[in-house]
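Asks: I am attaching a structure below and will ask some questions about it afterwards.
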């Protein structure tokens, strides 16, 4: 599965409203073409562009001692820009 989950945050909500851009957490090995095809098939929309970035893991700290005990997993984000007239409703099936 290429698309893991949508990114829903305050920043992504403003991008959805103003620019028609949507964020997804995707598989780290997936390419932009694969992500574009997956979004177009799953949501029945037309994608204008795909921007990707790999988010590195944050350090985990112990609450008592403050020592770093490892890192969270890295993940890949994809910002999808849709063509005019298309939108995705994440809350449709709830």
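In this note's numbering, the protein residues as written are 12 to 105.
Every residue gets a Cβ at the ideal spot worked out from N, C-alpha and C, and that includes glycine.
#1: Taking only three categories from DSSP, how would you classify residue 56?
#2: Taking the alpha-carbon positions, what's the residue 71 to residue 17 distance?
#3: How big is the Cα-Cα spacing for residue 79 and residue 73?
#4: When DSSP labels each residue in this structure, what does residue 107 get in the three-state scheme?
#5: Considering only the alpha carbon of each residue, which of 76, 69, 97, 49 lies closest to residue 89?
#6: Between the Cα of residue 126 and the Cα atoms of 85, 68, 24, 45, which residue gives the shortest distance?
#7: Thinking C-alpha only, which one of 23, 69, 13, 95 is nearest residue 52?
Replies: In short, the structure shows the following:
#1: coil
#2: 24 Å
#3: 6 Å
#4: This structure gives no information on residue 107, because the portion of the chain shown stretches from 12 to 105.
#5: 49
#6: The question about residue 126 has no answer, for the chain in this structure spans 12 to 105.
#7: 13
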